[in-house]
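Working notes, structure below.
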Amino acid sequence: MKKISIVVPMYNEEAMVDSFLARIKQVIDPLTDYQFEIVAVNDGSRDATLALLISAQKKEPRLKVVNLARNFGHEPAVAAGLHVATGDAVIPIDADLQDPPEIIPEMIQKWQEGYFVVNARRASRKEDSMMKRWTAKKFYDYMQKLSGKIKVPANVGHYRLIDRKVVDEVNLLSETNRVFRVQVPYIGYKTTEVLFARAKREHGKSHYNYRSMFDLAINAIISSSIKPVYWGLKIAIGIGVITGVSSLTELVLFTINLVNSSLLNGINHPLWLLLNVLFFVTTILLFVLGIISIYVGKTFVEAQKRPFYIIEDVVEVQE
Ligand code: UDP
Ligand code: MG
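Sequence positions in the sequence shown follow the numbering used here and run 9 to 327.
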């Protein structure tokens, strides 16, 4: 009998623990051809999440509780769950039921048809704000341009089914700066998708704000492309050409003595022009320096080779 692991990271999800488990049970209990385990990763919650999980084990012996030593974050929590999961296929899912468990049978179906990765893709972003929709679209467009041969599918988050082969490959990736939605397409394998409509969070509140969305976008780009480093060079060439042309023009104008003519006088005080050009160039330089600094910073983090999560204990019901 094939085994499927459901991996769910939980950070301060006391309001969701019971309803999440109930919804999951509804979906997996009828699937009697498969064995299931639910790997709940308590990511250093400061509320009753851990206690609720432990007590839920009495009624749900398939529930494994991975307790992290502190709050590490969404990505590391999923990574911890992937390492502990023993299934022939693994399905990471959010605890807030924004990812509908009802599509799990369809995902399993596609897996049985021979797909190694079954992405759950949001069919629409109607329920998001205009701003979030716009930033998400821009993000996926840029990702597509920057990531080259890695095809990062738009509107696919953590929720997907991945075969054991792919899980093992993801577990071998050693980077601290983990972005699961980039790692899976990096590895490859025959991939398909299942569409779904994303619901609103049932209880509790989102742990992502615009700042963490920005950080995620930066991490995703940095972890999949070094193209931004070349932007500096390209911008430098651009400025070089403009400066060359303008110096030449100035030289010509100067020689034919037009500089003092009524045409240019009074339109722009040369000092302001000079200041503007200086600010412009400085801005570009700082931008380029900023990009390089991000890469240097990330390189430092990777060079430290610290574990990206620490498991305090794994609590299982003994058969
Ligand atoms: N999460 C986590 N650690 C964190 C933040 C979030 O394990 O530091 C979990 C959270 O409990 C949830 C999932 O990651 O199961 C997604 O978080 P959230 O719903 O807040 O994100 P959003 O849906 O807003 O992107
Ligand atoms: Mg959510």
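Heads up, the beta-carbon is just placed ideally off N, CA and C, and yes, glycines get one too.
Classification of residue i by the beta-carbon crowding that lies within 10 angstroms, buried from 16 upward
i: Y238; result: exposed
i: E320; result: exposed
i: Y317; result: buried
i: T263; result: exposed
Under the three-state DSSP convention, the category residue i falls into
i: G165; result: strand
i: F316; result: coil
i: D321; result: strand
i: L286; result: helix
i: A228; result: helix
i: E110; result: helix
Extent of the continuous alpha helix (DSSP H) to which residue i belongs
i: V175; result: R172 to L180
Boundaries (first-last residue) of the beta strand (DSSP E) holding residue i
i: L105; result: No beta strand (DSSP E) contains L105, which DSSP labels as neither H nor E.
i: F80; result: Segment: none, F80 is in no beta strand (DSSP E) and carries neither H nor E.
i: A207; result: Run containing A207: none; DSSP gives neither H nor E here.
Own chain residues within Cβ distance below 7 angstroms of residue i, not counting five before or after
i: I302; result: I226 and I230
i: R54; result: N20
Contacting residues, own chain, Cβ-Cβ under 8 angstroms from residue i (five flanking each side not counted)
i: D136; result: A144
i: P118; result: According to the sequence provided, residue 118 is Lys. The question's Pro does not apply to it. Within the same chain, K118 has close Cβ partners V126, L169, T200 and V202.
Residue i versus residue j - alpha carbon distance
i: D3; j: D171; result: One cannot answer for residue 3 here, as it falls past the ends of the chain, which runs 9 to 327.
i: F28; j: K153; result: 37 angstroms
i: K10; j: I243; result: 54 angstroms
i: E310; j: E83; result: 15 angstroms
i: A23; j: A207; result: 16 angstroms
i: L105; j: D26; result: 11 angstroms
i: F222; j: F124; result: 30 angstroms
i: I112; j: F287; result: 55 angstroms
Own chain residues within Cβ distance below 6 angstroms of residue i, not counting five before or after
i: A205; result: A131
i: I158; result: P193, Y194 and S232
i: I12; result: Y42, F44, G95 and A97
i: K235; result: L154
i: A396; result: The structure shown does not extend to residue 396, since the chain is modelled only from 9 to 327, so the question has no answer here.
Any non-hydrogen atom of ligand 4 within 6 angstroms of residue i CB
i: D102; result: Absent from the structure shown: ligand 4. Ligands present: ligand 1 and ligand 2.
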